[in-house]
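Each remark here refers to the structure printed beneath this line.
Here you go:
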């Protein structure tokens, strides 16, 4: 009921404020006491050097989490941070998500993902899944990946945005909103919002190259990109970007008990990726502009799977003498394009349409099908497993205008609009040999019976009003309604406020409710596969088989967010923000109860699937997605920046940021037999795959042509809940080993030199101390090769990375 009340209260207050207003000029002075300074944006690149070293300006304009065109970082009503291109470069990472993990304490990423999902570059915020973070590009919703995470773990069921399909050279800066914003942007904006703002340069050529490798001697990475800006007759700009990246395998798999090193599964995949993009705007009539931006990315990637040893049940001696290690190969294309018109006619208006699509071809080579081998004495070694396609077509109409009113201290900023979105997700079958009998080794192919062709329509409308109620007191109210053709409708509301106690100190807070609609993949994925010895089924929610086990159609996740914070500048050049938050989520979509034996057999029979001869009832397993749990996440985000001016010895830009985060389960639903739908390990996936704290601190010393950057990242304590694979408790399904993840420190260094006004070269290291996470006990290591908990999102397991970087601007 709180969701409905918050939505109604926001809408009623918005309507009350509008009815008291009258038209005012569109350009309005911000009267808040701490807004006395002239608002200026921080240039992405300074004239004196090829890459600016300084922190983003606290007076930089922002567009995320607000529809007020005058909003700045320092004056924001909600906790928000800005990451500049210079900061991304200074991390030395060729991976956008890894760079953000180094810069933002609330952001994390999986150490490793399995199968096709391991190829996508995804991230999380505030200890929640990647499905609960909304990714925007220039304020427009980005299409998600077609790749479905169908392996058990914290990311099970996710199909998030793949950040790797955006050219790094196109990015001007990134705005990270550490607050719920479903009332402003719709579904998924529960943990936060990441808005990638593209370059708008009218001139200039930018080049960058980054080459490096790991301390272990593998994982060579080469990343090159370019950007070129053009002036369109002083009426607009055209910014063109391209990037090419190669990344080789890393391998942290230990030798087996026999001393052989045949497994290579624990490491990064090999990847070759090319991306291009543009961003443009052109004013062809006074107060009427055409704008458009687009990106296209192509990726080829390969990842090792478990080794099949000679003499094992899966051995194919005449095809793969000496054993074999299947490799998963993905061929993926992703593109998105936005076109729109914006202008002024009493209101500032914006009409746009965005289309995005991701297509992934999932293949396996150096593999085989043991059933075919048993039947014919041979088997193919290359298989096309499936093709997954995801598309999203979004059309937006937005209006904004400022109104004066004699009843309030400042002008009202009114925004309202509507959105229509058409989404599809398809899973197409693979080669018949990939799903015949036991199926392909390492991954069962998709059969026609398991294929999916799903779609839905989403329509929504919103209203957003911000105003200075009294001198120094500002309020922002937002309400949104969304209708889904395949799920329940959702209402959301948000109330944000800020009071400037003095020019140096302010308090702020937000109350909101939000939602996350189940993805088409979660609602429709179905996979029933059999091997020589077992049958495993992931059942479509609402299917005959799922209903037989107590399943049903999925509902949206519902959230309630609270945040309260303080922003202050006690001395000159020192800015501090402290924000506490709470995110309560009901009806979280999780892996439903796992049924083994007779119940699973009966459920599959109800759907017309017969268990193959020779497979025992006890080897049949089935599960499905369900709204199975509720959680409460609480934490604190702290950030501080300080400038030390050393005069002729340059300047030091200090920064420190901290995230404290803890998730508790408030409710677990029961299965068909009255038992908890989640076992202890599945519950830990919701609570414990993240450190309880993450601290980033350091600084950049700039002097003449030199700059020295040093940052330390402390990943705090956490817990892993692991399954036994050896000993008397092996594969128990009820007994698990809890292992403490101790704190780890990662040191990042970079030394840069400006050769001239155009060129800068840098040497650096990420995790220069070559730190690793804690090794897991032997009885929990799958095949004795997974020596780290790959689901835990602390320090990575690849060790130190060292690089050379060169950047130029003309």
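In mature numbering (1 follows the signal peptide of the UniProt record, and there is no 0), the protein residues as written are -23 to -1, 1 to 787.
Idealized CB from N, CA, C, for every residue including glycine.
As the structure is a prediction and not an experimental result, all values here were calculated from the model.
task = Use the C-beta contact count for residue 597: other C-beta atoms within 10 angstroms, 16 or more gives buried, fewer gives exposed.
result = Residue numbering aside, residue 597 sits at position 620 when the chain shown is read from its first letter. Buried, by the Cβ-count rule.
ask   = Taking the continuous alpha helix (DSSP H) assigned at residue 79, which residues delimit it?
value = Position 102 of the chain shown, counted from the start, is the residue given in the question as residue 79. That run of the alpha helix (DSSP H) goes 73 to 80.
query = Between residue 424 and residue 501, which are expected to be in contact by the criterion C-beta below 8 Å, what is the C-beta distance as a whole number of angstroms?
reply = Taking the chain shown and counting its residues from 1, one reaches residue 424 at position 447. Taking the chain shown and counting its residues from 1, one reaches residue 501 at position 524. In fact, because the Cβ distance is near 15 Å, the residues do not count as touching under 8 Å.
inquiry  = Between residue 365 and chain B, is the shortest Cβ-Cβ distance under 8 Å, so that the two count as touching?
reply    = Of the chains in the structure shown, none is chain B; there is only one protein chain.
request  = Thinking residue 718 and residue 694 are a contact (beta carbons under 8 Å), I'd like their distance in whole angstroms, please.
outcome  = Along the chain shown, one-based indexing puts residue 718 at 741. Along the chain shown, one-based indexing puts residue 694 at 717. Contact flag correct, Cβ pair sits at about 6 Å.
task = Look up residue 110 in the DSSP assignment and say whether it is helix, strand or coil.
result = If you number the chain shown from 1, residue 110 lands on position 133. Strand.
task = Under the assumption that residue 217 contacts residue 145 (Cβ atoms under 8 Å), give the Cβ distance between them as a whole number of angstroms.
result = Here residue 217 corresponds to residue number 240 of the chain shown, with the count starting at 1. Here residue 145 corresponds to residue number 168 of the chain shown, with the count starting at 1. Wrong, their Cβ atoms sit about 14 Å apart, outside the cutoff.
Spatially closest choice to residue 723 from 609, 698, 689, by CA coordinates = Taking the chain shown and counting its residues from 1, the one referred to as residue 723 is at position 746. Among 609, 698, 689, the Cα nearest to that of residue 723 belongs to 689.
query = DSSP state of residue 300, grouped into three classes?
reply = Position 323 of the chain shown holds residue 300. Coil at residue 300, not helix or strand.
request  = Can you tell me which of the three DSSP states residue 95 falls into?
outcome  = Your numbering for residue 95 matches position 118 in the chain shown. It is helical.
ask   = Taking all protein chains shown into account, do 16 or more other C-beta atoms lie within 10 angstroms of the C-beta of residue 594, making it buried, or fewer, making it exposed?
value = Translated into positions along the chain shown, residue 594 becomes position 617. Under this definition residue 594 is an exposed residue.
request  = Would you tell me roughly how many angstroms separate the C-alpha atoms of residue 485 and residue 538, rounded to the nearest one?
outcome  = Residue mapping note: residue 485 aligns to position 508 of the chain shown, counting from 1. Residue mapping note: residue 538 aligns to position 561 of the chain shown, counting from 1. Cα-Cα distance, rounded: 14 Å.
task = Have a look at 147, 754, 344 and flag the residue whose alpha-carbon is nearest the alpha-carbon of residue 763.
result = Position 786 of the chain shown, counted from the start, is the residue given in the question as residue 763. The option with the nearest alpha carbon to residue 763 is 754.
message = Using a Cβ-Cβ cutoff of less than 6 Å, which residues in the same chain neighbour residue 641 once the five nearest sequence positions on both sides are dropped?
response = For the purposes of this step, residue 641 is taken as residue 664 along the chain shown, with counting starting at 1. Around residue 641: 609.
Sequence-distant residues of the same chain with beta carbon closer than 8 Å to residue 8, five excluded per side = Counted from its first residue, the chain shown places residue 8 at position 31. Confidence at residue 8 is low in this model, with a pLDDT of 37, below 50, so its placement is unreliable and the value that follows should be read with caution. If we look at residue 8 and ignore the five residues flanking it on each side, its Cβ neighbours are 386, 387, 445, 448.
query = If we count the other Cβ atoms within 10 Å of its Cβ and call it buried at 16 or more, is residue 351 buried or exposed?
reply = What you label residue 351 is simply residue 374 of the chain shown in a count that begins at 1. Counting Cβ neighbours within 10 Å, residue 351 comes out exposed, since fewer than 16 surround it.
message = For a quick check, are the C-beta atoms of residue 619 and residue 631 less than 8 Å apart?
response = As a first step, residue 619 is located in the chain shown; it is residue number 642 there, counting from the start. As a first step, residue 631 is located in the chain shown; it is residue number 654 there, counting from the start. Going by C-beta atoms, residue 619 is nearer than 8 Å to residue 631.
task = Give every residue of the same chain whose Cβ lies closer than 7 Å to the Cβ of residue 268, excluding the five residues on either side of it in the sequence, and list them in chain order.
result = Against the chain shown, residue 268 aligns to sequence position 291. Taken in chain order, the residues that qualify are 257, 258, 317, 319.
task = Could you tell me whether the Cβ atoms of residue 857 and residue 303 are closer together than 8 Å?
result = Outside the shown range of the chain (-23 to 787) lies residue 857, about which nothing can therefore be said.
Those runs of the alpha helix (DSSP H) which lie wholly inside the segment 338 to 398 and span at least 4 residues = 347 to 353
Spatial distance of residue 644 from residue 669 (CA atoms) = Along the chain shown, read from residue 1 onward, the residue named residue 644 stands at position 667. Along the chain shown, read from residue 1 onward, the residue named residue 669 stands at position 692. C-alpha separation (whole angstroms): 21 Å.
Bridge-paired residues (DSSP) for residue 201 = The count along the chain shown starts at 1 and reaches residue 201 at position 224. 186, 221, per the DSSP bridge assignment.
request  = Look at the alpha carbon of residue 77 and the alpha carbon of residue 159, and state the distance between them as a whole number of angstroms.
outcome  = To locate residue 77, count along the chain shown from 1; it is residue 100. To locate residue 159, count along the chain shown from 1; it is residue 182. So the alpha carbons of these two residues sit roughly 22 Å apart.
inquiry  = For residue 734, count the other beta carbons within 10 Å of its own beta carbon; 16 or more makes it buried, fewer makes it exposed. Which is it?
reply    = As a working note, residue 734 is residue 757 in the chain shown. Classification of residue 734: exposed, given that the 10 Å Cβ count is below 16.
request  = Report the partner residues of residue 322 according to the DSSP bridge assignment.
outcome  = As a first step, residue 322 is located in the chain shown; it is residue number 345 there, counting from the start. Paired residue(s): 324.
task = Rounded to whole angstroms, what's the CA-CA distance from residue 697 to residue 663? Just pull it up for me.
result = For the purposes of this step, residue 697 is taken as the residue at position 720 of the chain shown. For the purposes of this step, residue 663 is taken as the residue at position 686 of the chain shown. Taking the straight line from one Cα to the other gives about 11 Å.
inquiry  = Counting C-beta neighbours from all protein chains within 10 Å, is the total for residue 210 16 or more, i.e. buried, or is it exposed?
reply    = On the chain shown, residue 210 is found 233 positions in, with the first residue counted as 1. Its Cβ having fewer than 16 others within 10 Å, residue 210 is exposed.
query = Nearest CA to the CA of residue 421: which residue from 345, 186, 366, 395?
reply = Along the chain shown, read from residue 1 onward, the residue named residue 421 stands at position 444. The candidate whose alpha carbon is nearest that of residue 421 is 345.
query = Between residue 202 and residue 184, what straight-line distance do the alpha-carbon atoms span, to the nearest angstrom?
reply = To locate residue 202, count along the chain shown from 1; it is residue 225. To locate residue 184, count along the chain shown from 1; it is residue 207. So the two alpha carbons sit approximately 6 Å from each other.
task = Could you give the DSSP three-state label for residue 611: helix, strand or coil?
result = To locate residue 611, count along the chain shown from 1; it is residue 634. Reduced to three states, the DSSP call for residue 611 is strand.
inquiry  = Helix, strand or coil for residue 602? Go by DSSP, reduced to three states.
reply    = In the chain shown, counting from the first residue as 1, residue 602 sits at position 625. Reduced to three states, the DSSP call for residue 602 is strand.
Helix, strand or coil at residue 549 according to DSSP, with G and I counted as helix = As a working mapping, residue 549 is identified with position 572 in the chain shown. Coil at residue 549, not helix or strand.
query = Less than 8 Å separating the beta-carbons of residue 561 and residue 587?
reply = By 1-based counting over the chain shown, the position of residue 561 is 584. By 1-based counting over the chain shown, the position of residue 587 is 610. No, Cβ-Cβ distance for residue 561 and residue 587 is not below 8 Å.
Top-ranked residue by Cα proximity to residue 435, from 375, 566, 463, 634 = One-based indexing of the chain shown puts residue 435 at position 458. Residue 463 is the option with its Cα nearest to residue 435.
task = Apply the 10 Å Cβ neighbour rule to residue 103 and answer buried if 16 or more other Cβ atoms are within range, or exposed otherwise.
result = To locate residue 103, count along the chain shown from 1; it is residue 126. That one is buried.
ask   = In three-state DSSP terms, what is residue 561?
value = Here the question's residue 561 lines up with position 584 in the chain shown. Of the three classes helix, strand and coil, the one that applies to residue 561 here is strand, per DSSP.
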